[in-house]
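Note that this note's numbering numbers the sequence shown so that position 57 is 57, with each residue one more than the last.
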Amino acid sequence: AGGGLCVALGYSGDVIQARNRAREAGNKVRIAFHVPKEGAMMSVDMLGVPADAPHPQNALRFIDYLLRPAVIADITDAVWYPNPNLPATALVKPEIRDDPAVYLPEEIRRQLYVDLPAPAVYERARTRAWTRLKSGR
Numbered sequence: 001a002g003g004g005l006c007v008a009l010g011y012s013g014d015v016i017q018a019r020n021r022a023r024e025a026g027n028k029v030r031i032a033f034h035v036p037k038e039g040a041m042m043s044v045d046m047l048g049v050p051a052d053a054p055h056p057q058n059a060l061r062f063i064d065y066l067l068r069p070a071v072i073a074d075i076t077d078a079v080w081y082p083n084p085n086l087p088a089t090a091l092v093k094p095e096i097r098d099d100p101a102v103y104l105p106e107e108i109r110r111q112l113y114v115d116l117p118a119p120a121v122y123e124r125a126r127t128r129a130w131t132r133l134k135s136g137r
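Okay, structure coming up:
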């Protein structure tokens with residue numbers, strides 16, 4: 001862009017990582033993450049064990065490992081995505097823990113919503129609209 005405004009959709013952690021790389025490069029590109037006043041969809045990562053997993057106990061051990069406060073704090077420090085593990089919060093680097101673009105303030109979190117399943121006809125229309133938007137048509 002020629003010094004103008006560029007708007008993009010992105011996941012918070014990805015946008016924040018881009019912001020950090022721009023700062024490190026010292027190229028005066030300003031990247032910021034904002035939740036629109038109208039709200040935004042919240043996404044959540046989940047882990048599960050398939051019913052027919054050959055070693056379900058190992059999978060559960062791995063999940064338990066990831067949920068250890070020190071481990072999930074290290075993951076947050078690496079990817080700049082928040083985690084909901086309250087005991088881990090104190091272990092997250094202060095510049096990440098205190099960044100309101102990572103750990104959103106309560107008034108912004110209230111604007112977030114979960115995308116619920118929609119009727120197939122709506123999903124098709126949304127997919128078509130999103131495809132048109134992405135293709136610039």
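Even glycine gets a Cβ: it sits at the ideal position worked out from N, Cα and C.
Burial state of residue i (16 or more Cβ within 10 Å)
i	result
Ser12	buried
Thr127	exposed
Val155	Residue 155 cannot be examined here, being either before or after the span of the chain that is shown, 1 to 137.
Val7	exposed
Pro54	exposed
Pro87	exposed
Pro82	buried
Distance between residue j and residue i (C-alpha atoms, nearest Å)
i	j	result
Ala145	Ala78	Look at the range of the chain in this structure, 1 to 137, and you will see that residue 145 is not part of it.
Gln57	Ala51	12 Å
Asp14	Ile31	11 Å
Ile63	Ala90	21 Å
Ile85	Ile72	A small fix is needed here, since residue 85 is Asn in this sequence, not Ile. Answer to the nearest angstrom: the Cα atoms are 8 Å apart.
Pro5	Arg132	This sequence places Leu at residue 5; Pro is not what is there. Roughly 22 Å between the two C-alpha positions.
Met46	Ala101	21 Å
Ala25	Asp99	20 Å
Val29	Tyr65	38 Å
Lys134	Ala70	39 Å
Ala136	Pro36	One detail in the question is off: residue 136 reads as Gly in this sequence, not Ala. Computed Cα separation, rounded: 22 Å.
Own chain, CB closer than 6 Å to residue i, minus 5 neighbours either side, in chain order
i	result
Gln17	Trp80
Of the listed residues the options, nearest to residue i (C-alpha basis)
i	options	result
Pro94	Val49, Asp74, Thr131 and Val121	Asp74
Leu9	Asn27, His34, Glu24 and Arg21	His34
Close Cβ partners of residue i (< 7 Å) along its chain, the five nearest in sequence each way excluded
i	result
Arg97	Thr89 and Tyr103
Proximal residues to residue i (C-beta, below 8 Å), its chain only, five neighbours per side dropped
i	result
Asn20	Trp80
The stretch 104-113 contacting the stretch 41-48, beta-carbon criterion three pairs below 8 Å: yes
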